[in-house]
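2 protein chains.
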Amino acid sequence: MGCELSADGLRFRPLKGIGEISPGDDLAEIIARSAAESGIDLSRGVLVLCQKIISKAEGRLIALADVVPSEQAQTIAKEHEKDPRHIEVILGETARIVRRAHGVLICQTHHGFVCANAGVDLSNAPGEDVAILLPVDCDASAKALHAGLVALGSKQLGVVMSDTFGRPWREGLVDMALGSAGIEPITDHRGSRDRAGRELVVTAMATIDQLAAGAGILMVKDAGVPAVFVEGLVPAADSRGTTQDVLRNAAEDLFR
Amino acid sequence: MGCELSADGLRFRPLKGIGEISPGDDLAEIIARSAAESGIDLSRGVLVLCQKIISKAEGRLIALADVVPSEQAQTIAKEHEKDPRHIEVILGETARIVRRAHGVLICQTHHGFVCANAGVDLSNAPGEDVAILLPVDCDASAKALHAGLVALGSKQLGVVMSDTFGRPWREGLVDMALGSAGIEPITDHRGSRDRAGRELVVTAMATIDQLAAGAGILMVKDAGVPAVFVEGLVPAADSRGTTQDVLRNAAEDLFR
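Line by line, the protein sequences give chains F and C. Start counting the first sequence at 100; every next residue gets the next number (my numbering). Start counting the second sequence at 100; every next residue gets the next number (my numbering).
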């Protein structure tokens, strides 16, 4: 186990009063202040944050007015009845188009995430015509925030940056991790034994995705809760893995 | 919203002392007793249960000694170095083999779930050579348990039966819902407005999968926690949807 679990279970607590985030804002300070006001102690546990506030703090915003769509973007936009400037921004974030149908564009981003529109979003942007991009290096963003919060007093803290993802075969979105720091992304039960004493062959749980999904319940878009603190799960002090470790190698991927 | 969220967030509490479940056991009674001993009030909230204890209570067990593998099962077993009797049981649960490679068999079950080995598991079984199958009708199983707990005093209770699933593109397992009752499976933010007043086009969250994933953190296989109660999220009294509603139509499925 890379984490210590409380026998009493977990608490997912919303961080309140974070408000609108602007480029250059010091997120660690804003979160520490919000936690103090919410009566939450950030020393030990896992902070789950919506990707959008990190992207905003990092200025990962593009005004569509400044975008000149390529011919490819115009063709795709026409087929799917989308704004060609939005498509152009999506293509800039895309390493590979995985599927394209029903007005849906499933892309593999340069980071390796497979998601709709390469994670480029128009909703909740500061202006009607602004696209929000994923951070350039999501693990690095999480690591920087982690360092900021450790400097402010956190001891055994995990940081998980999440976003909503669609899934094959199932309707509805679920939050998954885009970046993380201070917490092992996968809890590996391979080699441990089940209750009958038999060795468990494959039980590697994607802890950071479990945390992102649970926290996502509280991140209702119009409630203004972009961050949730999870108490009861304390990452080991020597946790080193990142979200990149969760991405499957192309050679083992059955759903290219 | 089909659910009411507490402003204080969520608590995920393990139900302790449930012990080994045998065919014919009255799960509602066992869970109510465990909750009382754990100091948990089941009146309002969501109960998440590991599929395995429901399958055991329903006797969905097959002794491999009684299984005669077909020729197809023998061929597949040879290619993947598996027990042909295990493969035979898997094929019996399978409507369609989705992918087959690297010793992995991804199947669509008769219920419509896409998962490894059609959900047939050998671990944690009462004997070394027993396969545990998914319930025949997972929503019906959840509904029966829901009715049993309402009869014992629960008022606004959601029941979610979960199992661990692999995912395309990402390593590690995450729990998802197989069956549910008393809770809308999807919370639909379509048509509501974001904080900037812009209409959110698609934000339908798979609430039951979010709950399953969060609860899964506590369902560490060797800890003997097959059930978790979630406080702070209260389903509407008139909730009617089921997990079958979450399964995507084949016509809209980009990853057949």
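For each residue, glycine too, the CB sits at the ideal point set by N, CA and C. Predicted model, so just to flag it, every value in this text is computed and none were measured.
Per-residue DSSP class, three states only, for E180/F: If you number the first sequence from 1, residue 180/F lands on position 81. Three-state DSSP puts E180/F in coil, outside helix and strand.
Of all Cβ atoms in chain C, is any one closer than 8 Å to the Cβ of E270/F? Position 171 of the first sequence, counted from the first residue, corresponds to residue 270/F. Yes, E270/F lies at the interface with chain C (some Cβ there is under 8 Å from its Cβ).
Three-state secondary structure (DSSP) at G218/C? On the second sequence, residue 218/C is found 119 positions in, with the first residue counted as 1. If DSSP states are grouped into helix, strand and coil, G218/C belongs with the helices.
So T193/C contacts chain F; which residues on that side make the cut at Cβ distance below 8 Å? Your numbering for residue 193/C matches position 94 in the second sequence. The premise fails here: T193/C is roughly 15 Å from chain F at the closest Cβ pair, so nothing lies under 8 Å.
May I ask you to report which of helix, strand or coil DSSP gives S356/F? Past the edges of chain F, shown from 100 to 355, lies residue 356/F, and the structure says nothing about it.
L190/F versus G271/F - alpha carbon distance: Here residue 190/F refers to the residue found at position 91 when the first sequence is read from its first residue. Here residue 271/F refers to the residue found at position 172 when the first sequence is read from its first residue. Going from the Cα of L190/F to the Cα of G271/F covers about 24 Å.
Members of the region 342-355 of chain C near chain F, C-beta cut-off 7 Å: V345, L346, R347, E351, D352, L353 and F354
Using CA atoms only, rank isn't needed, just tell me which of D262/C, V203/C and S121/C is closest to A176/C. Taking the second sequence and counting its residues from 1, one reaches residue 176/C at position 77. Residue V203/C is the option with its Cα nearest to A176/C.
Taking 8 Å as the threshold (beta carbon to beta carbon), is D107/C in contact with chain F? Stepping through the second sequence from its first residue, residue 107/C is reached at position 8. D107/C counts as touching chain F.
Would you call the CB atoms of I282/C and V259/C closer than 8 Å? For the purposes of this step, residue 282/C is taken as residue 183 along the second sequence, with counting starting at 1. For the purposes of this step, residue 259/C is taken as residue 160 along the second sequence, with counting starting at 1. Yes, the pair counts as a contact, with Cβ atoms nearer than the cut-off.
Pick out whichever of A194/F, K155/F, D124/F and Q207/F has its Cα sitting closest to the Cα of I231/F. Position 132 of the first sequence, counting from 1, holds the residue named residue 231/F. Nearest C-alpha to I231/F: K155/F.
Mind checking whether C102/C and V345/C have CB atoms under 8 Å apart? By 1-based counting over the second sequence, the position of residue 102/C is 3. By 1-based counting over the second sequence, the position of residue 345/C is 246. C102/C places its beta carbon 8 Å or farther from that of V345/C.
Backbone CA spacing between R266/C and A276/C [nearest angstrom]: Reading the second sequence from its first residue, position 167 is the one you call residue 266/C. Reading the second sequence from its first residue, position 177 is the one you call residue 276/C. Approximately 14 Å, taken between the alpha carbons.
Run through chain F and tell me which residues come within less than 8 Å of T315/C, C-beta to C-beta. Translated into the one-based positions of the second sequence, residue 315/C becomes position 216. The residue you asked about is not Thr; residue 315/C is Gly in the sequence shown. Neighbours of G315/C on chain F, chain order: M304 and Q309.
Alpha helix (DSSP H) segment containing S154/F, residue limits: The count along the first sequence starts at 1 and reaches residue 154/F at position 55. Residues Q150 to A156.
Neighbourhood of S261/C by C-beta distance below 6 Å, restricted to the same chain and skipping five residues each side: For this step, residue 261/C is matched to residue 162 along the second sequence. V147, D274, A276 and A311.
Mind pulling the chain F residues with CB within less than 8 Å of A200/C? Reading the second sequence from its first residue, position 101 is the one you call residue 200/C. L353, listed in chain order.
Could you check if G123/C is buried or exposed, using at least 16 other CB atoms within 10 Å of its CB as the buried criterion? Position 24 of the second sequence, counted from the start, is the residue given in the question as residue 123/C. Exposed, by the Cβ-count rule.
Assumed close pair P325/F, G278/F - CB separation to whole angstroms, cut-off 8 Å: Position 226 of the first sequence, counting from 1, holds the residue named residue 325/F. Position 179 of the first sequence, counting from 1, holds the residue named residue 278/F. Contact doesn't hold; Cβ gap of about 15 Å is too wide.
As a quick exercise: from A335/C, A135/C and S121/C, pick the residue whose alpha carbon is nearest that of F328/C. The count along the second sequence starts at 1 and reaches residue 328/C at position 229. Comparing Cα-Cα distances from F328/C to each of A335/C, A135/C and S121/C, the minimum goes to A135/C.
Which residues bound the beta strand (DSSP E) around L126/F? In the first sequence, residue 126/F corresponds to position 27, counting from 1. Element bounds for L126/F: not the beta strand (DSSP E) but the alpha helix (DSSP H), L126 to E136.
Helix, strand or coil for L353/C per DSSP? The sequence position of residue 353/C within the second sequence is 254, counting from 1. In the structure shown, L353/C sits in coil (DSSP, three-state: anything other than H, G, I, E or B).
Report buried or exposed for N216/F, applying the criterion of at least 16 other Cβ atoms within 10 angstroms of its Cβ. Stepping through the first sequence from its first residue, residue 216/F is reached at position 117. Looking at its Cβ environment, which holds 16 or more other Cβ atoms inside 10 Å, N216/F is buried.
Which residues bound the alpha helix (DSSP H) around T306/C? If you number the second sequence from 1, residue 306/C lands on position 207. Per DSSP, T306/C belongs to the alpha helix (DSSP H) from T306 to G315.
Chain C contact residues for V332/F, given Cβ-Cβ distances below 7 Å: Here residue 332/F refers to the residue found at position 233 of the first sequence. Reading the sequence as shown, one finds Leu at residue 332/F and not Val. Neighbours of L332/F on chain C, chain order: I316.
Of the choices D287/C, S142/C and V188/C, whose alpha-carbon is the least far from that of A164/C? Here residue 164/C corresponds to residue number 65 of the second sequence, with the count starting at 1. Checking every option, the nearest Cα to that of A164/C belongs to V188/C.
Local conformation of I175/C per DSSP, three classes: In the second sequence, the residue the question calls residue 175/C occupies position 76. It is helical.
Within the 8 Å Cβ cut-off, does R339/F reach chain C? Stepping through the first sequence from its first residue, residue 339/F is reached at position 240. Interface residue (Cβ-Cβ distance to chain C less than 8 Å): R339/F is not classified as such.
When burial is assigned at 16 or more other CB atoms within 10 Å of the CB, is E157/C buried or exposed? Start at 1 with the first residue of the second sequence, and residue 157/C comes out as number 58. Per the 10 Å Cβ criterion, buried.
Measure the CB-CB distance between G313/F and G138/C and report whether it falls below 8 Å. As a first step, residue 313/F must be located in the first sequence, where it is residue number 214. As a first step, residue 138/C must be located in the second sequence, where it is residue number 39. Against a cut-off of 8 Å, the Cβ pair of G138/C and G313/F comes out as no contact.
Counted within 10 angstroms of its Cβ, other Cβ atoms place R110/F as buried (16 or more) or exposed: For the purposes of this step, residue 110/F is taken as the residue at position 11 of the first sequence. The residue is buried, with at least 16 neighbouring Cβ atoms inside 10 Å.
Does the beta carbon of P360/C come closer than 8 Å to any beta carbon on chain F? This structure does not reach residue 360/C, given that chain C is present from 100 up to 355, and the question cannot be answered.
Classify I285/F as helix, strand or coil using the three-state DSSP reduction. As a first step, residue 285/F must be located in the first sequence, where it is residue number 186. DSSP places I285/F in the coil class of the three-state scheme, outside both helix and strand.
Is A106/F buried or exposed, if buried means 16 or more other CB atoms sit within 10 Å of its CB? As a first step, residue 106/F is located in the first sequence; it is residue number 7 there, counting from the start. The C-beta of A106/F has fewer than 16 other C-beta atoms within 10 Å across all chains shown, which makes the residue exposed.
Contact set for P113/F: own chain, Cβ-Cβ below 6 Å, skip 5 residues either direction: Stepping through the first sequence from its first residue, residue 113/F is reached at position 14. Once the five neighbours on either side are set aside, the close Cβ partners of P113/F are L317, V324 and V327.
Reduced DSSP category for S105/F - H, G, I as helix; E, B as strand; rest coil: Position 6 of the first sequence holds residue 105/F. Assigned with DSSP and collapsed to three states, S105/F falls in coil, not helix or strand.
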